[in-house]
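Residue numbers (this note's numbering), protein chains in the order written: chain A, 24 to 317; chain B, 24 to 317; chain C, 24 to 317; chain D, 24 to 317. Note that beta-carbon positions come from the ideal geometry of N, C-alpha and C, so glycine has one too.
There are 4 protein chains.
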Amino acid sequence: MTLSLDALNEASLSDVVAALGAVFEHAPWVADAAAKGRPHATVQALFAGMRAAVEAAPEPSRLALLAGHPELAGRPARAGAIAAESIAEQAAAGLDRLSQPEYARFEALNASYREKFGFPFILCVKRHGRASLLRTFEARLANDAATERATAEAEVFRIAAIRLNALVRGEGALRTTGRISTHVLDTVQGRPACGVAIDLVEWVSATETVLVAQAVTNADGRTDAPLIGGRPVPIATYELRFHIGDHFRQAGLDLAEPPFLDVVPLRFGVADPEGHYHVPLVATPWSYQTYRGS
Amino acid sequence: MTLSLDALNEASLSDVVAALGAVFEHAPWVADAAAKGRPHATVQALFAGMRAAVEAAPEPSRLALLAGHPELAGRPARAGAIAAESIAEQAAAGLDRLSQPEYARFEALNASYREKFGFPFILCVKRHGRASLLRTFEARLANDAATERATAEAEVFRIAAIRLNALVRGEGALRTTGRISTHVLDTVQGRPACGVAIDLVEWVSATETVLVAQAVTNADGRTDAPLIGGRPVPIATYELRFHIGDHFRQAGLDLAEPPFLDVVPLRFGVADPEGHYHVPLVATPWSYQTYRGS
Amino acid sequence: MTLSLDALNEASLSDVVAALGAVFEHAPWVADAAAKGRPHATVQALFAGMRAAVEAAPEPSRLALLAGHPELAGRPARAGAIAAESIAEQAAAGLDRLSQPEYARFEALNASYREKFGFPFILCVKRHGRASLLRTFEARLANDAATERATAEAEVFRIAAIRLNALVRGEGALRTTGRISTHVLDTVQGRPACGVAIDLVEWVSATETVLVAQAVTNADGRTDAPLIGGRPVPIATYELRFHIGDHFRQAGLDLAEPPFLDVVPLRFGVADPEGHYHVPLVATPWSYQTYRGS
Amino acid sequence: MTLSLDALNEASLSDVVAALGAVFEHAPWVADAAAKGRPHATVQALFAGMRAAVEAAPEPSRLALLAGHPELAGRPARAGAIAAESIAEQAAAGLDRLSQPEYARFEALNASYREKFGFPFILCVKRHGRASLLRTFEARLANDAATERATAEAEVFRIAAIRLNALVRGEGALRTTGRISTHVLDTVQGRPACGVAIDLVEWVSATETVLVAQAVTNADGRTDAPLIGGRPVPIATYELRFHIGDHFRQAGLDLAEPPFLDVVPLRFGVADPEGHYHVPLVATPWSYQTYRGS
Numbered sequence: 024m025t026l027s028l029d030a031l032n033e034a035s036l037s038d039v040v041a042a043l044g045a046v047f048e049h050a051p052w053v054a055d056a057a058a059k060g061r062p063h064a065t066v067q068a069l070f071a072g073m074r075a076a077v078e079a080a081p082e083p084s085r086l087a088l089l090a091g092h093p094e095l096a097g098r099p100a101r102a103g104a105i106a107a108e109s110i111a112e113q114a115a116a117g118l119d120r121l122s123q124p125e126y127a128r129f130e131a132l133n134a135s136y137r138e139k140f141g142f143p144f145i146l147c148v149k150r151h152g153r154a155s156l157l158r159t160f161e162a163r164l165a166n167d168a169a170t171e172r173a174t175a176e177a178e179v180f181r182i183a184a185i186r187l188n189a190l191v192r193g194e195g196a197l198r199t200t201g202r203i204s205t206h207v208l209d210t211v212q213g214r215p216a217c218g219v220a221i222d223l224v225e226w227v228s229a230t231e232t233v234l235v236a237q238a239v240t241n242a243d244g245r246t247d248a249p250l251i252g253g254r255p256v257p258i259a260t261y262e263l264r265f266h267i268g269d270h271f272r273q274a275g276l277d278l279a280e281p282p283f284l285d286v287v288p289l290r291f292g293v294a295d296p297e298g299h300y301h302v303p304l305v306a307t308p309w310s311y312q313t314y315r316g317s
Numbered sequence: 024m025t026l027s028l029d030a031l032n033e034a035s036l037s038d039v040v041a042a043l044g045a046v047f048e049h050a051p052w053v054a055d056a057a058a059k060g061r062p063h064a065t066v067q068a069l070f071a072g073m074r075a076a077v078e079a080a081p082e083p084s085r086l087a088l089l090a091g092h093p094e095l096a097g098r099p100a101r102a103g104a105i106a107a108e109s110i111a112e113q114a115a116a117g118l119d120r121l122s123q124p125e126y127a128r129f130e131a132l133n134a135s136y137r138e139k140f141g142f143p144f145i146l147c148v149k150r151h152g153r154a155s156l157l158r159t160f161e162a163r164l165a166n167d168a169a170t171e172r173a174t175a176e177a178e179v180f181r182i183a184a185i186r187l188n189a190l191v192r193g194e195g196a197l198r199t200t201g202r203i204s205t206h207v208l209d210t211v212q213g214r215p216a217c218g219v220a221i222d223l224v225e226w227v228s229a230t231e232t233v234l235v236a237q238a239v240t241n242a243d244g245r246t247d248a249p250l251i252g253g254r255p256v257p258i259a260t261y262e263l264r265f266h267i268g269d270h271f272r273q274a275g276l277d278l279a280e281p282p283f284l285d286v287v288p289l290r291f292g293v294a295d296p297e298g299h300y301h302v303p304l305v306a307t308p309w310s311y312q313t314y315r316g317s
Numbered sequence: 024m025t026l027s028l029d030a031l032n033e034a035s036l037s038d039v040v041a042a043l044g045a046v047f048e049h050a051p052w053v054a055d056a057a058a059k060g061r062p063h064a065t066v067q068a069l070f071a072g073m074r075a076a077v078e079a080a081p082e083p084s085r086l087a088l089l090a091g092h093p094e095l096a097g098r099p100a101r102a103g104a105i106a107a108e109s110i111a112e113q114a115a116a117g118l119d120r121l122s123q124p125e126y127a128r129f130e131a132l133n134a135s136y137r138e139k140f141g142f143p144f145i146l147c148v149k150r151h152g153r154a155s156l157l158r159t160f161e162a163r164l165a166n167d168a169a170t171e172r173a174t175a176e177a178e179v180f181r182i183a184a185i186r187l188n189a190l191v192r193g194e195g196a197l198r199t200t201g202r203i204s205t206h207v208l209d210t211v212q213g214r215p216a217c218g219v220a221i222d223l224v225e226w227v228s229a230t231e232t233v234l235v236a237q238a239v240t241n242a243d244g245r246t247d248a249p250l251i252g253g254r255p256v257p258i259a260t261y262e263l264r265f266h267i268g269d270h271f272r273q274a275g276l277d278l279a280e281p282p283f284l285d286v287v288p289l290r291f292g293v294a295d296p297e298g299h300y301h302v303p304l305v306a307t308p309w310s311y312q313t314y315r316g317s
Numbered sequence: 024m025t026l027s028l029d030a031l032n033e034a035s036l037s038d039v040v041a042a043l044g045a046v047f048e049h050a051p052w053v054a055d056a057a058a059k060g061r062p063h064a065t066v067q068a069l070f071a072g073m074r075a076a077v078e079a080a081p082e083p084s085r086l087a088l089l090a091g092h093p094e095l096a097g098r099p100a101r102a103g104a105i106a107a108e109s110i111a112e113q114a115a116a117g118l119d120r121l122s123q124p125e126y127a128r129f130e131a132l133n134a135s136y137r138e139k140f141g142f143p144f145i146l147c148v149k150r151h152g153r154a155s156l157l158r159t160f161e162a163r164l165a166n167d168a169a170t171e172r173a174t175a176e177a178e179v180f181r182i183a184a185i186r187l188n189a190l191v192r193g194e195g196a197l198r199t200t201g202r203i204s205t206h207v208l209d210t211v212q213g214r215p216a217c218g219v220a221i222d223l224v225e226w227v228s229a230t231e232t233v234l235v236a237q238a239v240t241n242a243d244g245r246t247d248a249p250l251i252g253g254r255p256v257p258i259a260t261y262e263l264r265f266h267i268g269d270h271f272r273q274a275g276l277d278l279a280e281p282p283f284l285d286v287v288p289l290r291f292g293v294a295d296p297e298g299h300y301h302v303p304l305v306a307t308p309w310s311y312q313t314y315r316g317s
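Structure below.
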């Protein structure tokens, strides 16, 4: 359920804390402090208030905020003993479906991390595919304490920004979403390719891919909605697969068997979860091109 | 061992039959008849003589020629009781490494085919990947007797042409080879991309690929030799994989992690085993294009 | 001055005729007849009423409607003795600035046409560049009487549709406009090319071009408005000229003198004045591509 | 008439000087000195000998070598009072066909240059189009004496290298030639575009172009010979013009009038006269791309 910013500006202090208390994990005092700065003209201003509250808090509170986060794929997460938001976020990243060796890997990393830094590993999991998540975990384990402390708190703010955007609607929403979109042009006919089936998969490895979305191009050669949109695009490698052979056959062209082009894969990496990845396909039965568009 | 056409034109009849007797399976009479038409100015003329000998032969001989071929992946082939050339050809197509269900599938097709047409299924296996081989087998099983009789004999000629080319060197070689080649251009720098690692795989399905060749581009952005050359290109779907991310990193460009483009797959079908499939990659870190070139 | 369709539906008959009487040249009776069919839910319905009125009119009236049109670049046009709308339309097409030989050519064509068909040559000049205008004139002179009569009346409707759209605003506008637009992508940097100067010229011949529009790309690599929009795109050959060398220099790339690419011309023909010609440029300092997009 | 390097190695000293005395303008002593170092294994070694002779010569001789060159487009050149090689070189660059204002411009530049540096302006004119020639002249006038002295001598060597290559055939020719070549691919049909008419023009300005070469593509989509080859490619802007509309019409495609693509111009700059400018066109009736290939 979302609240309007206007309603929030006029609500009682206790109602605000009830509504926004979970934005910062186990730290309703952040919402409380920000509420005292009302009214906020934009969601960004509200978030800035929360951020300022954290940054003004005494050191033990800031450390407690970090310590209050659950471990990734840890036992409390598996037992359900963590905040509802965290359960959903970790499940969306597939962390509730790890194999036994993968759990073991996470437990080992969690233990090393906690021993080195004294608080759990915190990451905005919505911004990462599984490979990126592990790579980032290992890279951060090598940080010095000061760098990692700052990095962890930055992730806390990223998690909070997404949660706040989901709870409050109003002017000046935070920039927490990216997009993958496409466009298919048929340059034999000089017009958009309509009716082309497209799969988007996360390409984990040559033998492991995860289907993310499927769509069919409309009369303008685009999909009615972005293939990923309204959320961060997890850092990962993706493959768009265009069933372009079927398109040209339906257009009446006489293709060989197998055709030179049948399913065209475009494989690309996403490193900026809040970016717009427009990846068009300009094709004939004998050629194609792609580029990062806009 | 190859003989020169000149030597062949001057050899004794028995030597010619000894040399070329196996070009047509279990039918040295074809070489014998062609030898009587010597001298032949070109390999093509020699082959035309062999072809004419078959076409002039009485019906029982032509049927015996078909009947003399081994079944694909059949028990005699597995027991080694077939011509050495056929063993090598079937092995190259992977027919000696089929799983038990695949053998069973071939045995069932072989039986149906022999029952319907009265001779074994003959196919120039060097011109087919495994999927194409099965697809063709099933399609030909649906032919009427006259069409299939002509098709089978045409395949006998294709097999013979490849064998003859391998045995005799001289003017006017038969056209029995195709090619897969590539070329990588770096349009950030405006020059050939040197040192790019390339894999060529036969793409059987999303989960099964077979490595065919590996190469690294030279200073002209090409591979020193075609990725497939000097033989027919088996009818199949292929994927060229270009390690272009490494190239741009080595050129000093600062790529994100993961880069937008890292390993670029170009997937294409080959329907003409004697054709030249030139499949270039024109790339930047943010775009690429391909086309069937020449 | 435009009227709303609602106002028109409620106006007096004489006011409607005053407002729309000139939509069909010297034929206010068409507006009168259509007005009697009010209310019209859309501009299209209003136009259908006018069209029906013409098609229901007795033959002499329909012929008089044709005869009431001025000749193209004819003496009455030059003397100003024609409808204000016709003057503006002919001037926009450059017909008021012809050289003496060009006038002579038009006069000869006008005379031949009138002699053959008995009414003046009528063409919706807003849909034609000068070359197309002359080519069309000559082609239509070869028509038989029935074909040309129908063609001429079709042009009357095209002229009327544009005039009506300009006079009446409301639901269901007639489709009388096309567009030329572009988009510049820099695939060295993987983002839209901002600040690129673009010229659009009508390309009459190697030695004669007419500047149509100039623009600079915005942050999205597009122009703020279409280079041609809100009117038919005259049938002609155009050239977009992109100052892409300046763009790459400003991006800090070190270009040779002269650079491989400096001003890139994209030359293309427009045959469908109501079409959308989206002609993007995807470029590096060493490559570019274009296609008809959407 | 060319001599073989072998013959030269065995000729009498006076014959060598007779043959090569004009390689360095009015300086047969250079040939004489190099001849004394015979035998030379390669043309490059012979040239290195000549270069060493110049660099070892006393200052007055080196200055005299510079002073012995004719002015560009100067009166002696017009009167024919300069070396035959210089006459031909200046004529090939169009310097014998300048307009009166252009002659005046050259005379002014020549006078300023001689006054500043004490010797005539020397440039290997075969490496420059007219715009580049003037641009270079003006730029060099701004040099300091030492830089310009070195630059002038470097040009003397460039002129000599081209003359030597033209006189002597043998191993290790000097690198004095560049190339403009092209290749046309039709990606509707997936094969080379055969029979496409191509013009190459030097693009001096929007209103002044000079036809350099014309050709028609062969079955491989290439021209039988490079459009420029066997000589330096003059530094200039060029335009390749491909009559691609005619190609697609002849292939049976139904194009609009005017077609979207008819004559496609590719405009590009050449800054490296000894480089290979391969400028292909990959086209459909609705798209095309080019890049600097190899």
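Tell me whether residue i sits in a helix, a strand or coil according to DSSP, three-state version.
| i | result |
| --- | --- |
| D222/D | strand |
| I182/D | helix |
| H92/B | coil |
| S135/A | helix |
| D269/D | helix |
| A248/D | coil |
| S109/A | helix |
| L121/B | coil |
Just to check my reading of the structure: residue i and residue j have Cβ atoms closer than 8 Å, yes? What is that Cβ distance to the nearest angstrom?
| i | j | result |
| --- | --- | --- |
| V235/B | E225/B | 6 Å |
Could you spell out the range, first to last residue, of the alpha helix (DSSP H) harbouring residue i?
| i | result |
| --- | --- |
| V77/B | 66-79 |
| A54/B | 51-58 |
| T159/D | 153-164 |
State yes or no: is the C-beta of residue i within less than 8 Å of the C-beta of residue j?
| i | j | result |
| --- | --- | --- |
| A64/D | E194/D | yes |
| H206/A | P303/A | yes |
| I203/A | Y300/A | yes |
| G213/C | P255/B | no |
| V239/B | F265/B | no |
Over the uninterrupted beta strand (DSSP E) stretch that includes residue i, give me the two end residues.
| i | result |
| --- | --- |
| A306/A | 304-307 |
| L208/A | 207-209 |
| L284/A | Careful: L284/A lies outside any beta strand (DSSP E) and carries neither H nor E. |
| S310/A | 310-314 |
With 8 Å as the C-beta to C-beta threshold (strictly closer), list the residues of the region 275-295 of chain B near chain A in chain order. A279, E280, P281, P282, F283, L284, D285, V286, V287, P288, R290, F291, G292, V293, A294, D295
Residues of the region 295-311 of chain A with a CB closer than 8 Å to any CB of chain D: list them in chain order, please. V305, T307, P308, W309, S310
Name the residues in the region 202-219 of chain C whose C-beta lies less than 9 Å from a C-beta of chain B; which are they? L208, D209, T210, V211, Q212, G213, R214
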